[in-house]
Each structure stands twice: as structure tokens, then as C-alpha cells.
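Report on the following structure.
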Amino acid sequence: MVWKPHVTVAAIVEQDGRFLLVEEMVEGRRCFNQPAGHWDPGETLLDAVVRETLEETAYAFEPEYLTGIYHWEHPAKDLTYLRFAFGGKLGDQRPDYTLDTGIIGPVWMTPAEIQAQSGHLRNVMVQRCMADYLAGNRYPLEILHSLTD
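Residue 3 in full-length UniProt numbering is what sits at position 3 of the sequence shown, and the numbering runs on without skipping anything.
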């Protein structure tokens, strides 16, 4: 069996003390996550987080720094995730944009509201990414390199 970790990206956005999350349906369960998704072939990690944020929230996103890299083993499945979380700012929202299947829509929550929803978060990475952002973790995007021959 070939081990293939799932490489994902996430956007960490705070405005006026609230964080942008996505309410979604996953395997029949309503939950909350940062705008996040899989890194697709042919794109950079930055391209991926911009695309995923648009697809799940209809907001343009401009990544400004990396807040952390997270390794998580799903406790009930044979799945490994490697998440790259980026902090940045939002641009305009496109109200006519059709969101990805399963996405209910974007929501804004305070850290206390997110904590109160801990049983409804997509996974443990949601709170950890927010905590690292709140701790001031900011790594320059220049640490990422896309090399082609």
C-alpha cells in the first residue's frame, strides 16, 4: 500500500475580533472549518489557498504570511493530513459566486464562539490554527519555493 498524505491549505482571516469560518456538511454532519481544501496538481500552495477561499466563501483572499504547518492523523480513518495555514486579508466578496458542493456558507465567529462550537469543528486543526494566529505566529511567504526545471 502506498502512503499518500492529504496536503491541504487553509485561510486564517480575522476582522474586528471575529474569524472567517465556513459552515459545511461533511459526511452528513454540519460542521465549521476555516476556508480550506486540497492542494491541486499544477498550482502553488498560494494559488490553492486563494482558490479554496473563493470556492468556499466567495471572497477574494490575499495570503500575507504562513501561520503554521500542521500534521494530523485522522483518529477514525487511515488518513494523514498536512495543512499549510495562511494568514491574510480578504478582498471583495462576489455575491453571485456559486459555492462548492456541501458548503452552507461563510460565517464570522469570535474565539469564544468557536470554542463553544468545539464539538462541531471539522477537526482539531481549526482551533490550533486560530491559536497560533492569536499567538502571533507569522512566517514570511519567502520560505516557500516552487521549483520547476
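Quick reminder that beta carbons are idealized off the backbone N, C-alpha and C, glycines included.
- DSSP, read as helix, strand or coil, puts D132 in helix.
- Annotation: the continuous alpha helix (DSSP H) that includes I114 extends over 111 to 116.
- In the structure shown, D96 adopts coil according to DSSP, grouped into three states.
- For R128, the closest of M25, R83, L99, P106 by C-alpha to C-alpha distance is R83.
- Contact check between the region 13 to 25 and the region 101 to 111: three or more CB pairs, one atom from each, fall below 8 angstroms, which counts as touching.
- Taking S118 as the centre and dropping the five residues before and after it, the same chain places the C-beta of Q127 closer than 8 angstroms to its C-beta, in chain order.
- In this structure, the CA atom of T110 is about 16 angstroms from the CA atom of A11.
- A residue is called buried when at least 16 other Cβ atoms come within 10 angstroms of its Cβ; T44 does not meet this threshold and is exposed.
- In this structure, DSSP gives V7 an extended state, which the three-state scheme calls strand.
- Per the C-alpha coordinates, the member of V2, V50, G37, Y65 positioned closest to I143 is Y65.
- The beta carbons of D100 and E55 sit closer together than 7 angstroms.
- Taking all protein chains in view, the Cβ of Y97 is surrounded by fewer than 16 other Cβ atoms within 10 Å, so the residue is classified as exposed.
- For R51, the enclosing alpha helix (DSSP H) covers residues 45 to 57.
- A distance below 8 angstroms between beta-carbons, with the five flanking residues on each side excluded, links H74 to the following residues of its chain, in chain order: T80, Y81, N123.
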